[in-house]
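Under numbering that gives the first Met the number 0, think of the first position of the sequence shown as 0, with each following residue one higher.
To start, the structure under review is shown below, and the notes come after it.
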Amino acid sequence: MEQQIDFIGQTSEFARVYGIEFCDVIIKGTQYKVESMMLRIAKPLNFVAVSPNVQQRVKMNPPECIQLTLEPESQFYADPVIVLDFQSLYPSIMIAYNYCFSTCLGNIAELEKSGGEDFKFGCTSLRIPAHVLSKLKNHINVSPNGVAFVKEYVRKGVISRMVEEILDTRLMVKRCMSRYKSDKGLHKLLHARQLGLKLIANVTFGYTAANFSGRMPCVEVGDSIVRKARETLENAIKMVNENDKWNCRVIYGDTDSLFVLVPGRDLKAAFKVGEEIRDAVTAVNPKPIKLKLEKVCLPLT
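The following block contains the structure:
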């Protein structure tokens with residue numbers, strides 16, 4: 000059973016990837032693991048992580064944004080239904096738009112009212128001098144919920160840098176896995192390594208948004224990621240529904256995925272439409288945001 004599960008081997012590899020002890024992989028939560036990797040990038044850049052107390056977390060503004068979840072049209076579908084989802088949407092949003100603690104200038108409304116003085120930011124406060132803000136005005140990304148972030152060429156975020164390195168490394172490991180399928184021991188080790196990287200990439204967003212029990216929550220960053228992901232999915236749904244050539248409609252969407260009904264087409268034609276949707280949506284979004292064609296269901300109940 001141990002050989003099948005490979006608990007010790009997998010946990011050892013997770014510890015190596017995260018840079019923590021074997022026991023900590025088992026008993027510590029995901030925030031501890033994210034922080035271990037994040038601080039290794041932050042320290043050489045002379046950043047120090049904030050350690051808010053309970054009172055500071057309680058006083059933080061509540062999150063205001065939620066992911067998009069459409070009400071499904073529950074019925075039997077005799078026509079093909081295309082299932083598409085965005086690959087690692089939240090991590091990709093962080094990379095594409097440079098969302099991070101270290102690049103965030105705060106809410107636009109708060110910046111305007113502050114007049115160069117301290118204003119509320121996450122669990123603490125932030126001050127952006129007026130002359131600095133004036134220099135940066137043409138070099139910022141503004142999230143849909145009104146939070147400003149400097150662009151990548153001004154300063155690359157610690158979180159976005161970390162997630163980008165994690166995803167690039169995972170792709171490299173998966174390529175190695177395909178080369179060494181015959182070596183079961185090495186293949187198992189590489190699988191554990193790519194799994195550890197996948198898990199940490201998927202929970203990094205939660206580190207920014209864990210407003211109640213978080214080690215370093217920041218509602219401005221967490222809300223911006225959620226709201227931008229919601230906008231990205233909404234734009235994809237609008238593109239599909241308004242394209243007369245495809246002649247299809249979205250019947251369900253949730254967080255990073257959408258189900259598209261293609262009436263009057265066979266399986267082959269549905270796959271072709273799915274590939275066109277995938278390519279069109281990917282083309283209008285900045286890298287590395289990418290829509291994937293998962294499958295076509297025929298029929299769907």
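Note that beta-carbon positions come from the ideal geometry of N, C-alpha and C, so glycine has one too.
Quick caveat, the model's predicted, so the values are computed rather than measured.
Could you pull out every residue in the same chain whose Cβ sits closer than 6 Å to the Cβ of residue i, ignoring the five residues on either side in sequence?
i	result
residue 72	250
residue 189	172, 175 and 176
Could you pull the DSSP bridge partners for residue i from this structure?
i	result
residue 248	260
residue 296	80
residue 291	84
residue 125	118
Would you say residue i and residue j are within 8 Å of each other, going by their C-beta atoms?
i	j	result
residue 12	residue 235	no
residue 206	residue 30	yes
residue 49	residue 203	no
residue 252	residue 232	yes
residue 157	residue 135	no
residue 317	residue 219	Outside the shown range of the chain (0 to 300) lies residue 317, about which nothing can therefore be said.
residue 78	residue 248	no
residue 40	residue 273	no
residue 281	residue 271	no
residue 98	residue 107	no
residue 64	residue 259	no
residue 245	residue 275	yes
residue 76	residue 257	no
residue 216	residue 37	no
residue 227	residue 83	no
residue 223	residue 283	no
residue 62	residue 123	no
residue 117	residue 110	no
residue 120	residue 255	no
If I measure Cβ to Cβ from residue i and keep anything under 8 Å in the same chain, skipping five residues before and after, which residues do I get?
i	result
residue 35	17, 18 and 19
residue 186	176, 179 and 180
residue 21	10, 11 and 14
residue 266	79, 295 and 297
residue 210	56, 59, 61, 62, 216, 218 and 221
residue 112	118
Reducing DSSP to helix, strand and coil, say where residue i ends up.
i	result
residue 64	coil
residue 120	strand
residue 103	strand
residue 148	strand
residue 5	coil
residue 137	coil
residue 167	helix
residue 253	strand
residue 142	coil
residue 98	coil
residue 284	coil
residue 278	helix
residue 243	coil
residue 222	helix
Excluding the 5 residues preceding and the 5 following residue i in the sequence, name in chain order all residues of the same chain whose CB lies nearer than 7 Å to its CB.
i	result
residue 286	95
residue 101	46, 154, 156 and 157
residue 87	166 and 200
residue 128	115
residue 162	90, 93, 94, 200 and 203
residue 197	169
residue 277	83, 290, 291 and 292
residue 141	107 and 147
residue 242	none
residue 66	225, 228, 229 and 254
Report task. Report the residue ranges of all alpha helix (DSSP H) runs contained in full by the segment 7-77; include only those spanning at least 4 residues, in chain order. Result -> The alpha helix (DSSP H) runs lying completely inside the segment 7-77 and spanning 4 residues or more are 21-26, 29-41 and 53-58, given in chain order.
Requested in this report: Note down, one range per segment and in chain order, each alpha helix (DSSP H) of at least 4 residues found wholly within the segment 148-220.
Outcome: Fully enclosed alpha helix (DSSP H) runs of 4 or longer: 157-178 and 183-208.
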